[in-house]
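Remarks on the structure that follows.
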Amino acid sequence: MISTEKYLDITGVGIEFDTNGKKFRALREVNLKLAKGEFVSLIGHSGCGKSTVLNIVAGLLRATEGGVALEGKEVTEPGPDRAVVFQNHSLMPWLTVYQNVELAVNQVFRKTKSRAERREWIEHNLRLVNMDHALDKLPSEISGGMKQRVGIARCLAMEPKVLLMDEPFGALDALTRAQLQDSVMEIQAALGNTVIMITHDVDEAVLLSDRIVMMTNGPAATIGEILEVKLARPRDRLELAEDPDFVHLRQQVLEFLYAKHTNPTNRTSTLPVRETAAEAETGGKDPSANTEAA
Amino acid sequence: MSNDVVTLRPDDRYRQMVAGVTSKTFLEGMLLPAIGVLFFLLLWQGAADQIETSLGQFPGPAQVWEQVQNLSAEHQQERQKAAEFYQRQEERNAKKLAQNPDATVKWRDYTGKPTFVDQIGTSLLTVAAGFLIANLVAIPLGIVCGLSAAMYKAMNPIIQVFKPVSPLAWLPLVTMVVSATYTADDPLLQKSFLNSAITVALCCLWPTLINTTVGVAGIDRDLVNVSRVMALPWRTHIRKIVIPAAIPMIFTGLRLSLATGWMVLIAAEMLAQNPGLGKFVWDEFQNGSSDSLGRIMVAVLAIGFIGFALDKLMLTLQKRVTWDKSAVLR
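Just so you know, the sequences run in chain order A and B. Here the numbering used here is used: the first residue of the first sequence is 1, the next is one more, and so on. Here the numbering used here is used: the first residue of the second sequence is 295, the next is one more, and so on.
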């Protein structure tokens with residue numbers, strides 16, 4: 001199902017920010033290749049440049065060196081073929097649910113679909129995320145989980161070649177997050193989207209991904225390790241919770257995050273590395289240690 | 295999905311609480327304001343009795359009310375005269391045409407002196423014209439300044455220097471420029487009207503310009519990024535994202551603008567001799583009859599009430615166009 005040819009190619013990407021004359025190197029030598037239909041998670045501590053990688057793929061930021069190619073074409077500017085789901089839903093508060101999706105659909109399919117076809121397409125995408133019951137509601141009238149669903153529908157409606165998700169469920173409570181994760185898994189199974197998702201949540205990464213890309217801490221962050229997740233699909237969170245493979249994968253991610261690349265805010269800790277990891281796993285403040293979602 | 299519960303946002307809850315506490319009871323809605331007004335009237339009457347001017351006693355509420363009735367009676371008389379004039383003219387012309395169908399008849403406008411109500415009308419028209427001119431410039435310029443930091447940096451010194459300039463300083467310049475450039479033989483608009491309107495425009499440009507700039511510059515980065523990802527053309531971007539996002543701030547600017555414009559107008563009309571409320575006040579002051587102070591006081595109150603009404607009108611409009619229903623507007 002997953003073709004082996006390189007669909008999205010991130011090669012030697014590095015970026016240096018210039019703030020008030022001071023140069024700050026955020027990323028160096030990021031290399032990642034995605035096959036069509038692949039679901040890849042980026043995980044790492046805050047400030048490690050995960051979002052920067054995503055923004056470079058989206059075209060919202062220009063890399064200082066290296067570049068991104070999608071289907072052999074270099075990415076130079078943002079476009080609907082690389083739709084982004086932002087963390088804070090980012091719906092236009094003055095447009096209804098329907099109009100928010102319509103704005104994207106009218107832009108992408110103005111020339112290729114008739115008015116009736118566009119209407120059907122908008123409703124179809126809202127149906128995919130179970131939001132077809134609230135077409136005429138304003139974002140302020142629906143819950144955070146619903147807003148994020150609409151945000152996802154808006155991106156799906158653009159028929160992107162790559163779907164980029166920047167901590168899409170980070171602002172949601174654990175139960176809503178679990179529901180949305182299930183929805184995303186179903187939609188991905190049905191549509192075969194190529195996805196890059198940024199997350200803080202270890203269980204989420206293991207549950208959803210084909211590969212987990214773990215990033216080292218900044219400045220000058222890069223990819224530390226890549227973990228293949230070969231769990232069979234469809235995946236069920238209840239069954240997986242006790243699956244030894246799942247537990248092992250989860251353990252590997254936690255080890256990377258808390259043993260090998262401990263949170264930069266804990267660096268001054270005098271505790272041995274091993275204990276820091278245990279502490280972070282049981283009661284650390286970092287949201288990645290949050291395991292409620294599984 | 296059904297587990298997604300629509301929750302009240304904290305500010306909604308806060309509003310409900312506030313609404314509960316300040317619900318319009320009879321006491322708060324009617325009685326307290328009435329007591330305030332009554333107290334003010336008593337104080338006014340008391341103070342007026344103590345002030346003796348060269349034009350007689352300073353008018354108290356009673357004398358002012360008398361002048362309100364006088365002015366209204368004068369208005370009705372003048373209207374009647376006008377109606378009679380037009381009737382006579384019509385009869386005369388009809389008679390002429392009956393005798394000789396080819397006769398050239400003359401139709402003249404009635405040229406009576408403008409009444410207080412006419413003057414209010416002129417003032418409203420002038421301020422509307424000034425307000426319109428100002429906003430045709432200020433809103434587009436504000437959008438450009440908000441979108442482009444370079445443009446804002448270029449404009450900022452100009453805005454800061456001209457913003458505090460009084461209308462009285464502009465007026466002589468405006469008058470000279472208008473006399474030099476507006477030289478139609480049969481002018482559609484009177485020069486005094488243009489002078490006042492342009493002066494008003496120069497003064498009420500700034501609040502809208504500044505607020506539009508701030509509103510546009512403050513659009514949520516994420517929303518701008520959404521627009522970039524969708525690759526919206528700039529026209530659509532401005533129409534669908536920038537203007538709706540900045541509308542609350544634009545309207546804040548418009549309200550400030552209109553309030554400034556109305557204040558400036560009275561001074562401008564006094565000096566430009568535009569036949570509005572400003573001229574009325576000035577003429578009464580020059581006239582110096584024993585009624586003058588009372589009539590000026592009527593104008594003062596009329597200016598106040600109209601200013602209040604204009605602000606309410608803008609507030610109503612603002613509430614209608616603002617998408618952020620949780621914003622408390624007052």
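Built from N, CA and C at the ideal position, the CB exists for glycine as well. Source: prediction; values computed, not measured.
Proximity below 8 Å, CB of residue i to CB of residue j
i	j	result
A:L91	A:A221	no
B:A428	B:A356	no
A:F256	A:E225	yes
A:K161	A:T112	no
B:T506	B:I433	yes
A:V75	A:I223	no
A:P80	A:S140	no
A:V129	A:V202	no
B:A478	B:T420	no
A:R127	A:M185	no
A:R211	A:E38	yes
B:T493	B:P458	no
A:A174	A:N125	no
Short CB-CB distance (under 8 Å) between residue i and chain B
i	result
A:S90	yes
A:E169	The amino acid at residue 169 of chain A is misidentified as Glu; the sequence shows Phe. For A:F169, the answer is no, since every Cβ of chain B falls outside 8 Å of its Cβ.
A:W121	no
A:V75	no
A:N20	no
A:G79	yes
A:V184	no
A:P244	no
A:L135	no
A:F303	The question about residue 303 of chain A has no answer here: the residues shown for chain A are numbered 1 through 294.
A:V84	yes
A:P234	no
Residues bridged to residue i [DSSP beta-bridge criterion]
i	result
B:D282	With chain B covering 295 to 624 only, the question about residue 282 of chain B has no answer from this structure.
B:E583	In the sequence as presented, Glu is not what sits at residue 583 of chain B; that position holds Ser. B:S583 pairs with nothing; no bridge assigned.
A:M197	A:S41, A:M165
A:I226	A:V213
B:Q351	B:E346
A:T11	A:G67
B:D396	Looking at the DSSP assignment, B:D396 forms no beta bridge with any residue, so it has no partner.
A:K73	A:L70
A:F24	A:F17
Beta carbon proximity, residue i to chain A, threshold 8 Å
i	result
B:R614	no
B:N450	no
B:L611	no
B:K447	no
B:I535	yes
B:R529	no
B:V520	yes
B:A525	yes
B:P458	no
B:L548	no
Same chain only: Cβ atoms within 7 Å of residue i, ignoring 5 sequence neighbours per side
i	result
A:A63	V13, G14, I15, I56
A:Y7	L34, A35, K36, E71, T194
A:D50	The sequence shown places Lys at residue 50 of chain A, not Asp. Counting only Cβ-Cβ distances below 7 Å, and skipping sequence neighbours, we find L42, G44, I198, M215.
Residues near residue i in its chain [Cβ-Cβ closer than 6 Å; skip 5 each side]
i	result
A:V85	G151, I152, C155, M165, P168
A:D136	T96
A:T270	No answer about A:T270 holds up, because its pLDDT of 46 lies below 50 and its placement is not dependable.
B:M564	G572, W576
B:I513	A539
A:Q107	none
A:T176	G145
B:M445	V438, C439
A:V273	Low confidence applies to A:V273: its pLDDT is 44, below 50, so where it sits in the model is not reliable, and the reading given next is rough at best. The residues are A259.
Same chain, Cβ closer than 8 Å to residue i, five either side skipped, listed in chain order
i	result
A:N88	A171
A:F109	E117, R118, W121
A:E77	G59
B:N387	V399, K400, W401
B:A376	Y404, G406
Check: residue i C-beta below 7 Å from any heavy atom of the ligand COA
i	result
A:F169	No copy of the ligand COA occurs in the structure displayed, which carries no ligand at all.
> How about the stretch 225-233 of chain A and the stretch 60-77 of chain A: do they share at least three Cβ pairs that are nearer than 8 Å?
Replying inline: no
> How do the stretch 356-369 of chain B and the stretch 589-604 of chain B stand: do at least 3 beta-carbon pairs fall below 8 Å, yes or no?
Replying inline: yes
> Can you find at least 3 beta carbon pairs, one from the stretch 482-499 of chain B and one from the stretch 568-586 of chain B, that sit closer than 8 Å?
Replying inline: yes
> Would the stretch 411-429 of chain B and the stretch 553-564 of chain B be scored as touching if the rule is three or more Cβ pairs under 8 Å?
Replying inline: yes
>> If contact is defined by three or more beta carbon pairs under 8 Å, each pair taking one atom from either stretch, is the stretch 537-553 of chain B in contact with the stretch 434-449 of chain B?
In response: yes
>> I want to know whether the stretch 453-461 of chain B touches the stretch 496-508 of chain B - three or more CB-CB distances under 8 Å.
In response: Judged by Cβ distances under 8 Å, the stretch 453-461 of chain B makes contact with the stretch 496-508 of chain B, as three or more pairs qualify.
> Are three or more beta carbon pairs between the stretch 334-349 of chain B and the stretch 364-378 of chain B nearer than 8 Å?
Replying inline: no
> At a cut of 8 Å, does the stretch 520-533 of chain B reach the stretch 399-410 of chain B through at least three beta carbon pairs?
Replying inline: no
> Is it a yes or a no for the stretch 180-200 of chain A touching the stretch 28-43 of chain A, going by three-plus beta-carbon pairs under 8 Å?
Replying inline: yes
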